[in-house]
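Worksheet: one structure, shown below.
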Amino acid sequence: MSLDHRLDLNQADLAPLMSTILSIPVPVNSIGEVRIELLNMTLSNKALAVYSNSRQLAAQYNKKRLDIETDAISYIYQPYNPLTRDKYDEIISFTEKLVLEENFEQLILFSEEIIRLSLAGLRYYHNYYQGPLLILVTLSFMGWIAYLLKIVLTQKINVDPGSPNFKRTLRFYGVPVTELLNIIFSILCFTSFCIVCVQNLPMQYYVYFLMPILLWWYALSPLHVWIKAIRKLKENKSTYTLFVEIISYIVGSFAMGLSFTYRWMLSIPLLGMAVWPFMSSSGKHLNKKLLPAWSCGCLALSIFSFMPVVGKNVYIELVVIAGLFWLAMIAIYTKSVLLNKRKDKDEYRREIILNIIQMVLLIISLQNIYVQSKRFDNGTPVSTWYQIIAWFIAVLCFIIPVTFSRRLICRLFALNTSILNFYLLLSVSHEGLFMVALILNIMSWIYIEFKLLRLKNVKIIECSFESEQDDKKGGFPVIERSINNEDFRRAFFFILYIILAFFGTGNIASLNSFEVRWVTCFITSFHPFVITTLILLKTLAPFLVVACGFRAVQCLTKAPVGYLNIVVLMYSNIMGIHLLYKVKNTGSWLEIGTSISHYVIVQVITLFIVLINQIARLMTDFSSYSFVKRLLKTRKKYE
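Be aware that the sequence shown starts at 20, since it is given in this note's numbering, and climbs by one per residue.
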């Protein structure tokens with residue numbers, strides 16, 4: 020059927036159209052334009068309808084212009100040149116003349132031009148302060164980033180903020196720099212206050228104008244922190260390397276911001292991660308087998324950003340392949356690592372048994388996934404017994420990991436196996452392979468960080484998620500060290516993995532419109548709360564893998580956790596600056612809502628990271644075996 024007769028309308032165009040049909044005035048605040056193609060009227064009536072619409076929009080534009088023009092400072096006021104006050108009066112007079120002369124064809128053409136100019140002018144004055152506000156908010160973000168950087172630098176260079184000897188040396192033409200800085204920012208605050216007050220702007224504009232000044236004032240005070248940092252930077256011979264790192268982190272942060280809209284942009288920072296060991300001095304400390312494994316893992320993860328979002332297409336064979344691949348990895352790990360240690364301690368023998376139990380549970384899950392999927396495809400009833408088994412396995416997945424010892428590699432393999440097992444029960448396509456690739460890449464990262472420590476006579480199997488007293492036995496320092504350049508890289512890897520954990524296989528839309536096949540192994544009837552809980556747990560699973568891996572990196576490197584979170588906050592603010600300019604106030608409700616959602620996600624990502632890190636700490640540090648032993652000792656003590 021041909022659609023040549025079709026004529027699309029904006030939602031706002033309905034108001035003037037209905038007003039014309041009903042022969043009533045167009046609503047004062049309407050921004051729609053009447054479409055004469057839809058009107059079956061005489062030429063004169065069409066012309067008068069368009070003329071009425073143009074006068075209504077022109078009057079609305081004129082009111083908006085006067086509102087801005089009346090309070091604006093004349094020296095900085097920028098009028099809408101295509102339709103200034105003089106042009107507006109001239110246009111109105113000319114259209115009235117055309118009406119009197121009954122020149123309807125010219126009246127229609129001229130009225131349509133007035134409508135176009137009025138709508139453009141309304142947008143101009145409606146967004147008149149948008150540009151300055153965006154600049155002010157951007158400066159606020161940059162000031163906040165500068166303040167966070169000052170905190171990190173203070174810890175790095177061990178500057179005493181109250182050092183009087185250093186302050187006395189900071190003078191500019193005899194005036195103390197601190198006092199000069201205070202005077203400059205005080206003048207800026209007073210000027211900004213006057214600009215807002217004179218123009219009678221709303222109260223929130225005081226916050227917009229004063230916030231960047233106050234943040235930069237606080238970030239630059241005391242100034243000797245920055246001066247000492249610059250001096251240390253000049254003394255450092257690797258200034259060029261540091262500059263390249265800063266540019267790489269900024270570009271990578273912008274790429275992560277773009278990935279909210281274009282998932283394939285995640286491949287850019289992943290490609291940077293793949294070549295990082297070869298481009299830095301770190302590569303010489305890594306063996307030849309680890310380097311290609313790391314690079315191939317990063318490239319494999321980048322492939323998923325080009326693949327379709329997981330949705331209604333079901334490829335259950337890919338889920339089974341992912342499970343079988345991980346079974347092979349557990350078997351290799353058990354044979355090459357745990358079986359060689361079984362004679363040393365009973366602890367290793369216990370973990371071998373637990374590993375075998377996890378392998379059996381994973382095999383049962385894969386059989387469950389395959390059978391239930393085939394039953395669903397063939398139209399036969401899904402087995403209730405299989406669903407009960409799936410729930411039983413899901414519960415065990417949360418219990419078994421805490422029965423392992425706190426040895427780093429053993430606990431991580433247990434956690435990853437349990438999380439993957441539960442994740443596969445909710446998978447229908449290539450997301451299972453993505454999860455396996457993510458786990459292997461994070462495990463490679465942990466091993467790389469361990470190798471870069473260059474510890475002698477310490478193997479990674481001997482490291483554990485232990486308290487500070489136990490760390491002394493492993494040869495690790497107990498005192499919190501200062502932050503270094505490597506910690507900036509670790510924080511960048513972490514936030515990239517966090518973004519990848521969600522956008523690697525999905526997006527905002529995929530979370531809102533899930534496929535019922537995801538929960539077939541657990542439930543087939545409609546129970547919204549149960550289904551929502553399962554989907555949220557599936558979404559949370561990759562984040563837990565990343566957080567547990569990052570927890571292992573923190574334990575190995577003794578990185579200051581609080582300062583790492585500050586660095587993560589800096590990266591998220593850089594992404595926030597980019598996404599701020601992507602927020603839309605025009606278009607469909609979906610486009611507007613999606614742009615706002617992306618911006619909000621970036622703003623709250625740090626809070627989410629703190630929460631997920633606490634969950635990871637609980638999952639890695641808690642041991643049911645140790646807890647029961649302490650409980651029994653306490654009981655005997657009181658007996």
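Where a beta carbon is used, it is the ideal one built from N, C-alpha and C, also for glycine. Bear in mind that the values here come from a model prediction, so they are computed numbers and not experimental data.
Through-space distance from residue j to residue i, alpha-carbon basis
i	j	result
I87	W608	28 Å
G595	H243	29 Å
K106	L136	11 Å
L58	K65	7 Å
K648	A510	36 Å
R282	S324	5 Å
V477	R500	20 Å
P561	L239	39 Å
L385	F344	12 Å
F209	Y237	16 Å
R508	G291	11 Å
A31	G606	12 Å
Y148	A274	28 Å
F512	S257	22 Å
N387	I624	35 Å
V338	F453	10 Å
Q223	T173	33 Å
P496	T576	The predicted model places P496 with a pLDDT of 48, which falls under 50 and marks its position as unreliable, so this point remains unresolved.
I164	C567	27 Å
V333	S448	5 Å
S614	S424	45 Å
A293	P221	50 Å
W404	E505	51 Å
K470	N255	25 Å
V414	Y442	13 Å
N184	Y367	Summary for N184: the model assigns pLDDT 48, below 50, so the residue's position carries little reliability, and this model does not support an answer.
I518	P296	22 Å
From the options, residue whose alpha carbon lies closest to that of residue i
i	options	result
V329	I408, L445, Y224, I214	L445
K557	N440, F411, L290	N440
F160	L650, I593, Y618	I593
M298	T280, M326, L637, S267	S267
N100	T89, Q125, G140, K83	G140
N632	L443, D108, F569, E610	F569
G523	V270, P327, L310	P327
F16	L261, G150, I376	Because the chain in this structure spans residues 20 to 658, residue 16 falls outside the shown range and cannot be described.
L67	D108, M284, L119	L119
Neighbourhood of residue i by C-beta distance below 8 Å, restricted to the same chain and skipping five residues each side
i	result
Q573	V580, L583
Cβ neighbours of residue i in the same chain (closer than 7 Å, five flanking residues each side left out)
i	result
V549	I542
V401	Q391, R394, F395, T539, T543
P35	V45, S49, G51, E52, V53, N72
L167	I585, L588, M589
I134	E52, N72, S73, L76
Y389	I335, V339
V564	N435, I438, L457, I458, I461
V602	S614, I615, Y618
Distance CB(residue i)-CB(residue j) smaller than 8 Å
i	j	result
E52	N81	no
L598	G302	no
A2	I465	Because the chain here runs from 20 to 658, residue 2 falls outside it and cannot be looked at.
V455	A341	yes
L431	C482	no
L669	R54	Because the chain in this structure spans residues 20 to 658, residue 669 falls outside the shown range and cannot be described.
L380	I412	yes
I371	T353	yes
A215	E131	First, the amino acid is wrong: residue 215 is Val here, not Ala. Against a cut-off of 8 Å, the Cβ pair of E131 and V215 comes out as no contact.
I480	V356	yes
R473	H304	yes
E56	L33	no
G162	P231	yes
T422	Y644	yes
A319	Q218	no
Y144	R104	no
V47	Q97	no
6 Å CB neighbourhood of residue i in its chain, flanking five on each side removed
i	result
S321	S286, L289
F279	H617
V621	S591, M594, G595, L598
Residue i Cβ short of 7 Å to the ligand FMN heavy atom set
i	result
E505	Among the components modelled here there is no ligand, and therefore nothing to report on the ligand FMN.
**Request:** Pick out the complete alpha helix (DSSP H) segments inside the region 304 to 332, 4 residues or longer, and give them in chain order.
**Result:** 309 to 323
**Prompt:** What runs of the alpha helix (DSSP H), each 4 residues or longer, lie entirely inside the region 103 to 187?
**Reply:** 104 to 120, 123 to 145, 149 to 176, 183 to 187
**Asked** Residue ranges of each alpha helix (DSSP H) run of no fewer than 4 residues wholly in the region 380 to 430, ordered along the chain?
**Response** 403 to 418
**Item:** Complete runs of the beta strand (DSSP E) confined to the region 579 to 605 [at least 3 residues]
**Value:** none
**Request:** Scan the region 239 to 269 and note each continuous alpha helix (DSSP H) run of 4 residues or more that stays entirely inside, going in chain order.
**Result:** 242 to 254
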